[in-house]
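These notes are about the structure you will find just below.
2 protein chains.
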Amino acid sequence: MDYAPILNNIAKYVTLTEEEEIYFTSFLHYKKVKRKQYLLEAGDVNTKISFVTNGCLRSYAVDKNGGEHVLQFAPPGWWIVDMRSMLTHEPARLNIDAIEETELFYILKADLDALQLKYPKFERFGRMLAENAMATYQHRQIDNMILNAIERYSNFCTLYPSLILSLPQKQVASYIGVTPEFLSKMLNTVVIK
Amino acid sequence: MDYAPILNNIAKYVTLTEEEEIYFTSFLHYKKVKRKQYLLEAGDVNTKISFVTNGCLRSYAVDKNGGEHVLQFAPPGWWIVDMRSMLTHEPARLNIDAIEETELFYILKADLDALQLKYPKFERFGRMLAENAMATYQHRQIDNMILNAIERYSNFCTLYPSLILSLPQKQVASYIGVTPEFLSKMLNTVVIK
DNA sequence: ACTAACCCTTAATCTATATTAACAATTTCC
DNA sequence: GGAAATTGTTAATATAGATTAAGGGTTAGT
Numbered sequence: 001m002d003y004a005p006i007l008n009n010i011a012k013y014v015t016l017t018e019e020e021e022i023y024f025t026s027f028l029h030y031k032k033v034k035r036k037q038y039l040l041e042a043g044d045v046n047t048k049i050s051f052v053t054n055g056c057l058r059s060y061a062v063d064k065n066g067g068e069h070v071l072q073f074a075p076p077g078w079w080i081v082d083m084r085s086m087l088t089h090e091p092a093r094l095n096i097d098a099i100e101e102t103e104l105f106y107i108l109k110a111d112l113d114a115l116q117l118k119y120p121k122f123e124r125f126g127r128m129l130a131e132n133a134m135a136t137y138q139h140r141q142i143d144n145m146i147l148n149a150i151e152r153y154s155n156f157c158t159l160y161p162s163l164i165l166s167l168p169q170k171q172v173a174s175y176i177g178v179t180p181e182f183l184s185k186m187l188n189t190v191v192i193k
Numbered sequence: 001m002d003y004a005p006i007l008n009n010i011a012k013y014v015t016l017t018e019e020e021e022i023y024f025t026s027f028l029h030y031k032k033v034k035r036k037q038y039l040l041e042a043g044d045v046n047t048k049i050s051f052v053t054n055g056c057l058r059s060y061a062v063d064k065n066g067g068e069h070v071l072q073f074a075p076p077g078w079w080i081v082d083m084r085s086m087l088t089h090e091p092a093r094l095n096i097d098a099i100e101e102t103e104l105f106y107i108l109k110a111d112l113d114a115l116q117l118k119y120p121k122f123e124r125f126g127r128m129l130a131e132n133a134m135a136t137y138q139h140r141q142i143d144n145m146i147l148n149a150i151e152r153y154s155n156f157c158t159l160y161p162s163l164i165l166s167l168p169q170k171q172v173a174s175y176i177g178v179t180p181e182f183l184s185k186m187l188n189t190v191v192i193k
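Those sequence lines, one after another, are chains F and V.
According to the UniProt record's numbering, the residues represented by the first sequence are 1 to 193, in order.
According to the UniProt record's numbering, the residues represented by the second sequence are 1 to 193, in order.
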């Protein structure tokens with residue numbers, strides 16, 4: 001099994017000893033999910049955190065009319081989780097599924113807890129990962145408060161340059177918070193044809 | 001100086017030894033800010049994280065027309081920071097000011113770094129604090145994606161029960177993302193008069 | 001290679017919320 | 001205690017983006 005992608009991700013934050021690497025990888029589960037297959041369904045408890053090595057996942061919530069609203073895409077190198085559900089064991093509000101065939105590693109919350117108690121370096125890693133995620137969500141919220149749809153689209157292109165080409169436009173629309181019809185209109189009006 | 005409020009907050013997550021408590025409190029700075037006085041101005045680098053013991057702070061961003069949009073209120077027991085600015089030393093996008101006369105403790109990021117290297121228990125505390133904040137922002141984002149203005153107002157009342165009474169309505173409107181005029185209309189239409 | 005499912009576009013109509021303006025009520029602070 | 005600033009209300013008008021509907025194009029799985 002090739003653990004390099006996930007170990008490289010961790011190496012951005014902390015430097016593991018060989019012992020720590022071995023212990024950590026012993027907790028990793030490898031999984032392959034097919035297009036449209038669920039990794040988490042709203043209502044279930046989120047018991048693991050996943051790291052994508054290939055393909056792409058998405059997390060989304062469903063409104064009372066059944067409309068899907070994408071919270072996050074996870075292309076290779078991204079982590080994905082319903083954090084509140086994992087922390088409190090409440091039912092998840094998020095669904096996580098695969099946009100295309102996807103490979104990932106996951107680690108169970110219970111194993112992660114053990115890992116962090118044994119090696120404080122994983123507390124440090126977890127702190128940094130959560131701090132970065134918090135900073136990202138803070139600024140996403142600011143963007144949503146002060147930017148219009150065109151500006152949010154432009155932000156999206158900067159954040160996920162690889163996805164803009166491969167993703168159906170309706171998924172992008174869902175992420176930036178407009179209907180597919182409105183995004184289509186925007187893209188065919190703003191640019192000089 | 002009465003450190004009880006901030007020590008009680010930390011005790012929710014980790015149990016400090018007397019040595020750790022003394023070391024930690026030696027890094028704390030006490031500050032009193034008057035109504036409308038800034039703790040952080042957008043454009044400056046956020047170098048500290050603050051914990052409110054009395055009064056109330058708010059963080060907000062300003063749009064291109066000069067409109068203010070509240071990201072967070074911090075009544076007693078809450079932490080407040082522009083996390084990205086603190087992590088990367090980029091200029092802050094958030095302003096933080098006092099809604100009323102407010103007392104707080106702050107700790108400099110540089111001191112916090114030293115503290116966490118010396119005592120892993122503060123890594124653990126920092127991880128849990130950041131994970132909770134991330135969970136909160138994830139669910140705030142979900143709320144904003146799937147709820148309408150009335151439902152967001154109702155959420156606000158649950159989240160900040162003490163503030164609904166003391167805060168000017170226009171601040172509430174700014175937090176939930178509507179104009180003061182619209183909130184006024186909502187409140188005088190929805191309820192049977 | 002075929003078929004069903006999915007995706008994109010256009011256009012007409014609709015709606016939640018914004019904007020502007022004017023005035024009354026309340027709060028702050030000198 | 002009173003002037004100045006801030007806050008809340010109402011109503012008319014405006015707008016960003018939603019909804020609905022329909023046709024044509026593209027993709028995926030058999």
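Ideal Cβ placement from N, Cα and C applies to all residues, glycine included.
Interface with chain V (8 Å Cβ-Cβ cutoff): residue 91/F is excluded. Between residue 135/V and residue 84/F, the C-beta spacing is below 8 Å. Only 177 from the stretch 169–183 of chain F bring a Cβ to less than 7 Å from some Cβ of chain V. Interface with chain F (8 Å Cβ-Cβ cutoff): residue 63/V is included.
Distance from the Cα of residue 90/F is smallest, within the candidate group 151/F, 166/F and 41/F, for 41/F. Taking CB atoms only, residue 19/F has no neighbour in chain V less than 8 Å away.
Restricting attention to 70/F, 35/F and 170/F, the CA atom closest to the CA of residue 95/F is found in 70/F.
Burial of residue 130/V is indicated by the presence of at least 16 other C-beta atoms within 10 angstroms of its C-beta. The beta carbons of residue 74/F and residue 36/F sit about 15 Å from each other, so the pair does not count as a contact at 8 Å.
Chain-order list of chain F residues neighbouring residue 100/V: empty, with the shortest C-beta distance near 23 Å, by a criterion of under 9 Å.
Here residue 15/V carries a coil assignment [DSSP, helix/strand/coil]. With fewer than 16 other Cβ atoms from the protein chains shown falling within 10 Å of its own Cβ, residue 19/V counts as exposed. Collapsing the DSSP output to three states places residue 53/V in a strand. Residue state for residue 45/V is assigned as strand, using DSSP reduced to three classes. Look at the stretch 118–132 of chain F: the residues with a C-beta under 8 Å from a C-beta of chain V are 120, 123, 124, 126, 127, 130, 131 and 132.
The residue from 22/V, 55/V and 16/V with its alpha-carbon nearest to that of residue 34/V is 55/V.
Within a 10 Å sphere around the beta-carbon of residue 1/V sit fewer than 16 other beta-carbons, which makes this residue exposed. By alpha-carbon distance to residue 88/F, the top candidate from 9/F, 23/F, 110/F and 124/F is 110/F.
Secondary structure remark: continuous beta strand (DSSP E) runs of at least 3 residues inside the stretch 53–122 of chain V, in chain order: 57–62, 68–74, 95–98 and 102–108. Within the same chain, and ignoring the five residues on either side of residue 62/V in sequence, the residues whose Cβ sits closer than 8 Å to its Cβ are 42, 68, 69 and 95. With respect to residue 119/V, residue 29/V sits apart: the two C-beta atoms are not nearer than 8 Å. Around the CB of residue 66/V, fewer than 16 other CB atoms lie within 10 Å, so the residue is classed as exposed. Put simply, the CB of residue 87/F is near chain V, with a gap under 8 Å to one of its CB atoms.
In this chain, residue 39/F is not harboured by any alpha helix (DSSP H); it is covered by the beta strand (DSSP E) spanning 38–40. Residue 51/V places its beta carbon 8 Å or farther from that of residue 22/V. Restricting attention to 113/V, 162/V, 100/V and 183/V, the CA atom closest to the CA of residue 58/V is found in 100/V. Annotation: residue 142/V to residue 4/F spans about 33 Å, alpha carbon to alpha carbon. When DSSP states are grouped into helix, strand and coil, residue 32/V belongs to the strand group. CA-to-CA, the gap between residue 24/V and residue 38/V works out to about 25 Å. Considering only 108/V, 81/V and 128/V, the residue with the shortest C-alpha distance to residue 12/V is 128/V. Just so you know, the alpha carbons of residue 46/V and residue 108/V end up roughly 9 Å apart. Residue 137/V has a beta carbon lying within less than 8 Å of a beta carbon in chain F.
Under the Cβ distance rule, residue 69/V counts among the residues neighbouring chain F, one pair being separated by less than 8 Å. The three-state reading of DSSP puts residue 159/F in helix, counting H, G and I together. Collapsing the DSSP output to three states places residue 126/V in a helix. With 16 or more other CB atoms across the displayed protein chains lying within 10 angstroms of its CB, residue 132/V is buried.
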